[in-house]
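Under our numbering, think of the first position of the sequence shown as 176, with each following residue one higher. Glycine residues also receive a C-beta, built at the ideal position from the N, C-alpha and C atoms. Shown next, in structure tokens, is the structure this report addresses.
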Amino acid sequence: MEELKYQIDLLSAMNQKLIRDEKMLRLICETSSSAFLYYNYEEKRIQTIANWSHFFPFTITDMKELTKLYDFVEEKDVIPLREVLFIEKQGMKSQTIEVKLKENRICIEVEVNIIYDEMSNPTDKIIRFKDVTKFNVQNDELTYMAYYDLLTGLYNRNYFVRLLGEFVRRAQEENEIVAVMFVDLDDFRRINDGMGIIIGDEVVQAVGQFLFEMMNDNIHIAHFNSDVYCIAVYSPCGARSVETIYRTLKERFKKPFVLTNGQEIYITASVGVAEYPEAATTTLDLINCAEIVMFKAKSLGKDKIQYFDGAILDEFLKNVSIENKLKEAVFAQNFTMYFQPQFRTADKALRGVEALIRWKDDNGKMISPAVFIPIAEKNGAIIPIGTWVIEESLKAYAQWKKKFHYPMIISLNISAIQYKQPDFIDKVLHILKKYEVSPYEIELEITESILIDDFEEITEKLAVLRDIGIKISLDDFGTGYSSLSYLKGLPIDTLKIDKSFIDTVITDENTKIITESIIYMVKKLGFETIAEGVETEEQFRYLNEISCDIIQGFYLGKPMPSEDIEELLAREC
Ligand code: C2E
Ligand code: CA
Ligand code: CA
176 MEELKYQIDL LSAMNQKLIR DEKMLRLICE TSSSAFLYYN YEEKRIQTIA
226 NWSHFFPFTI TDMKELTKLY DFVEEKDVIP LREVLFIEKQ GMKSQTIEVK
276 LKENRICIEV EVNIIYDEMS NPTDKIIRFK DVTKFNVQND ELTYMAYYDL
326 LTGLYNRNYF VRLLGEFVRR AQEENEIVAV MFVDLDDFRR INDGMGIIIG
376 DEVVQAVGQF LFEMMNDNIH IAHFNSDVYC IAVYSPCGAR SVETIYRTLK
426 ERFKKPFVLT NGQEIYITAS VGVAEYPEAA TTTLDLINCA EIVMFKAKSL
476 GKDKIQYFDG AILDEFLKNV SIENKLKEAV FAQNFTMYFQ PQFRTADKAL
526 RGVEALIRWK DDNGKMISPA VFIPIAEKNG AIIPIGTWVI EESLKAYAQW
576 KKKFHYPMII SLNISAIQYK QPDFIDKVLH ILKKYEVSPY EIELEITESI
626 LIDDFEEITE KLAVLRDIGI KISLDDFGTG YSSLSYLKGL PIDTLKIDKS
676 FIDTVITDEN TKIITESIIY MVKKLGFETI AEGVETEEQF RYLNEISCDI
726 IQGFYLGKPM PSEDIEELLA REC
């Protein structure tokens, strides 16, 4: 009796353990999100476990029914699936494949495991079905990101370089040409800064979509970054000649791009073109050359196409060399200041001087500020150079003042980048104080193009400077926007008529009329006028006749070192 009770307890305990184990197994299977099929060869028992219904709308009770699965997978997957479901026929232990379901395009990983006894006969078969769609989508996205630019759908830079490389290899074999067009939207910063980057992105996208339509086997297009696109054309001729592509682009740009908020935006682009093998023979050199000539197109006034030529590259390389020397010059302070006198037209009395920087490089060669200032503006060197100019000029001015007590004005050329520095006004005030120069004794020059590019930001600063008593002068008038009507609201005191007007003011009737009306109008607005680049007596006399207030030019005085200005002052006093 005791023995029987013991046996019953033992059985019951084993049973409980079995139930627990089975529950545990089921829970593991169910939470795994996979489906399982179990088959026991000896008992010919088949069982579907866990998430079977997630994958298949039928159950399986007999091994033969496994073939039902073939109807559910895509055509191409049927044979591989058949092979993997019955791997025991080849004595294999396990194998995994991926199939796609026809109806919902779910991707399934099918893993088959066979368990064999000591005699190598299969005893159990376990098939696991796992949904891997999500992983595949992620993989697809990664693949997409490796080749394409997400914003525009065009190729990305890296992949484009590879494709261009293939074009170049093919062109080498087939003796063909490959053109690279470097496309940069004009004044994009104004859209991005003025309207926000969301609008900026929309514009980039819209242009990208337009370019996308042009792509084919012989035309690859990439979005490099921001507002920069690059087009590679294999054998550019006929319908896919560079001219045709450019014309298509220009035609599109004649119409506005309509944004989602209904706003219309007009765009232009500057395009640089370099061709294999003429410009360069490697992909990166081709892209670089195209970019360099694109900059040339920008400097020629934007909205233009520029083709590669050796002279542009030489100029670029020269600028790079100047840029490098410039960095050293800033460090070594290899600059000096020259001053060009300005005279009142009526009595030829000295009105003041314009401070003009001079740079002698290591070989003693004089490099013109017209060449190096734009480079210094690009690489940021203009900030230390500009501060040095103000400091040196005011130092010289303070000495003249001490020696001669002659009332005059010193004009300083200030670049846009300096104006935009948050501490610019403080810096000027600090140097004025240091050399005991009054704000009324200095004049800051600004060019028209700067004003137009950053109108609000800069006019606000100019107004503050004028409140302090500093004069503001509009330089190079006539070379830029040149509309008299916008002058009205400007916070300026003086207007400098550009040398290009003065050059032909005697010989050209139209220039005469324009110059006369500028002076007439400007005087009405209350500004003083300065004529720049006056080289002859004839020009001087004529400018006097039409009441131009001040004359600056080689006729009355070239730019000169501080000592020569002292001589001049000695004569004046
Ligand atoms: P700018 O401000 O228009 O200066 C006048 C330029 O015309 C000077 O050239 C001057 O030497 C030249 N010039 C004056 N009168 C005559 C003339 O009768 N005939 C001829 N052929 N030329 C005349 P420079 O000194 O070579 O300066 C060129 C430009 O470089 C300046 O043009 C100005 O934009 C810039 N620059 C010069 N110094 C500075 C500076 O300290 N800071 C900044 N930001 N720019 C400067
Ligand atoms: Ca000037
Ligand atoms: Ca000027």
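Give the DSSP-derived three-state secondary structure of E710 in the structure shown. Here residue 710 refers to the residue found at position 535 when the sequence shown is read from its first residue. In this structure, E710 counts as coil in the three-state DSSP scheme.
Sorry if obvious, but does the Cβ on P523 come closer than 7 Å to a heavy atom of ligand 3? Your numbering for residue 523 matches position 348 in the sequence shown. Per the sequence presented here, residue 523 reads as Lys, with Pro not at that position. Result no, Cβ not under 7 Å from ligand 3.
Please tell me whether T704 and C723 are closer than 8 Å, where the distance is taken between their beta carbons. Locating residue 704 in the sequence shown gives position 529, where the first residue counts as 1. Locating residue 723 in the sequence shown gives position 548, where the first residue counts as 1. Yes, the pair counts as a contact, with Cβ atoms nearer than the cut-off.
Within 10 angstroms of the Cβ of M294, are there 16 or more other Cβ atoms? Answer buried if so, exposed if not. Taking the first residue of the sequence shown as 1, we reach residue 294 at position 119. Classification for M294: exposed.
Does the beta-carbon of I555 have 16 or more other beta-carbons within 10 angstroms, so that it is buried, or is it exposed? Position 380 of the sequence shown, counted from the first residue, corresponds to residue 555. Looking at the sequence shown, residue 555 is not Ile but Gly. Its Cβ having fewer than 16 others within 10 Å, G555 is exposed.
From this set, M356, I600, G476, which residue's C-alpha is nearest Y482's C-alpha? The residue given as residue 482 occupies position 307 in the sequence shown. Of the listed residues, the one whose Cα sits closest to Y482 is M356.
Taking 7 Å as the line, does the beta carbon of D460 fall inside it for any heavy atom of ligand 2? The residue you call residue 460 lines up with position 285 of the sequence shown. No, ligand 2 has no heavy atom inside 7 Å of this Cβ.
Within 8 Å (strictly less), CB to CB, does I627 reach chain D? No chain D is present in this structure, which holds just one protein chain.
Distance between K198 and E250 (C-alpha atoms, nearest Å): Position 75 of the sequence shown, counted from the start, is the residue given in the question as residue 250. Position 23 of the sequence shown, counted from the start, is the residue given in the question as residue 198. In a straight line, the C-alpha of E250 is about 38 Å away from that of K198.
Can you tell me which residues form a DSSP beta bridge with P736? Within the sequence shown, the letter at position 561 stands for residue 736. Answer is none; P736 lacks a bridge partner.
What does DSSP give as the partner residue(s) for L525 in the beta ladder? Looking up residue 525 in the sequence shown gives position 350. The partner list for L525 (beta bridge, DSSP) reads F518.
Option in K671, T457, V382, E348 with minimal Cα separation from R427: If you number the sequence shown from 1, residue 427 lands on position 252. Closest option to R427, Cα to Cα, is V382.
Following a CB-centred definition, is E529 positioned closer than 7 Å to any heavy atom of ligand 4? As for ligand 4, it is missing from this structure, which binds only ligand 1, ligand 2 and ligand 3.
Would you kindly check if the distance between the Cβ of I677 and the Cβ of A706 is under 8 Å? Here residue 706 refers to the residue found at position 531 of the sequence shown. Here residue 677 refers to the residue found at position 502 of the sequence shown. Closer than 8 Å, so yes.
Validate contact between the region 272–288 and the region 316–327 using beta carbons, cut 8 Å, 3 pairs: no
Could you give the first and the last residue of the continuous alpha helix (DSSP H) run that contains K609? Sequence index remark: in the sequence shown, residue 609 carries index 434 (1-based). Its alpha helix (DSSP H) spans residues 599–609.
Residues in the same chain with beta-carbon distance under 6 Å from V564, minus the five sequence neighbours each way, listed in chain order, please. One-based indexing of the sequence shown puts residue 564 at position 389. These residues qualify, in order along the chain: I532.
E349 CB to nearest heavy atom of ligand 3 below 7 Å: Position 174 of the sequence shown, counted from the first residue, corresponds to residue 349. No - ligand 3 has no heavy atom lying nearer than 7 Å to the Cβ of E349.
Would I235 and L212 be called neighbours here (beta carbons separated by less than 8 Å)? Position 60 of the sequence shown holds residue 235. Position 37 of the sequence shown holds residue 212. A contact, by the Cβ cut-off of 8 Å.
With distance defined between alpha-carbon atoms, name the residue in Y451, M696, F518, Y513 nearest to P734. Against the sequence shown, residue 734 aligns to sequence position 559. If we check each option's Cα against that of P734, Y513 comes out closest.
Throw me the rounded Cβ distance for the E618 and S586 pair, which I believe falls under 8 Å. Numbered from 1 along the sequence shown, position 443 holds the residue referred to as residue 618. Numbered from 1 along the sequence shown, position 411 holds the residue referred to as residue 586. About 4 Å; that satisfies the 8 Å criterion.
Start and end of the beta strand (DSSP E) containing A556? On the sequence shown, position 381 is the one that residue 556 refers to. Segment: none, A556 is in no beta strand (DSSP E) and carries neither H nor E.
Do you know offhand how far V336's Cα is from T458's? Working through the sequence shown from its first residue, we reach residue 336 at position 161. Working through the sequence shown from its first residue, we reach residue 458 at position 283. The straight-line gap from Cα to Cα measures roughly 7 Å.
Identify whether A354 lies in helix, strand or coil by the three-state DSSP scheme. As a first step, residue 354 must be located in the sequence shown, where it is residue number 179. It is a strand residue.
Is it true that the CB of V248 sits closer than 8 Å to the CB of L202? Along the sequence shown, one-based indexing puts residue 202 at 27. Along the sequence shown, one-based indexing puts residue 248 at 73. Taking 8 Å as the Cβ cut-off, L202 and V248 do not qualify as a contacting pair.
To the nearest angstrom, how far is the alpha carbon of S208 from that of T223? Stepping through the sequence shown from its first residue, residue 208 is reached at position 33. Stepping through the sequence shown from its first residue, residue 223 is reached at position 48. The alpha-carbon atoms of S208 and T223 are separated by roughly 14 Å.
Proximity below 8 Å, CB of P516 to CB of G732: Translated into the one-based positions of the sequence shown, residue 516 becomes position 341. Translated into the one-based positions of the sequence shown, residue 732 becomes position 557. Taking 8 Å as the Cβ cut-off, P516 and G732 qualify as a contacting pair.
Bridge partners - E620, DSSP secondary structure assignment: In the sequence shown, residue 620 corresponds to position 445, counting from 1. Partner(s): N588, S648.
Pick out whichever of V408, F432, E349, R345 has its Cα sitting closest to the Cα of G375. Position 200 of the sequence shown, counted from the start, is the residue given in the question as residue 375. Closest by alpha carbon: F432.
E611 vs A573 beta-carbon contact at 8 Å: Position 436 of the sequence shown, counting from 1, holds the residue named residue 611. Position 398 of the sequence shown, counting from 1, holds the residue named residue 573. Against a cut-off of 8 Å, the Cβ pair of A573 and E611 comes out as a contact.
Complete alpha helix (DSSP H) runs within the region 387–449 (minimum length 4 residues, chain order): 417–429
How is the alpha helix (DSSP H) around I224 delimited, first residue to last? Stepping through the sequence shown from its first residue, residue 224 is reached at position 49. Element bounds for I224: not the alpha helix (DSSP H) but the beta strand (DSSP E), 220–225.
For the alpha helix (DSSP H) that contains E635, what are its first and last residues? Here residue 635 is taken as the residue at index 460 of the sequence shown, counted from 1. From DSSP, the alpha helix (DSSP H) with E635 extends over 630–643.
By the 10 Å Cβ neighbour count, where 16 or more other Cβ atoms means buried, how is V448 classified, buried or exposed? In the sequence shown, counting from the first residue as 1, residue 448 sits at position 273. So V448 ends up on the buried side.
Is it buried or exposed for L424, if we count other Cβ within 10 angstroms and need 16 for buried? For the purposes of this step, residue 424 is taken as residue 249 along the sequence shown, with counting starting at 1. With 16 or more other Cβ atoms within 10 Å, it is buried.
Once DSSP output is grouped into helix, strand and coil, what is the label at M583? Sequence index remark: in the sequence shown, residue 583 carries index 408 (1-based). Correct three-state label for M583: coil.
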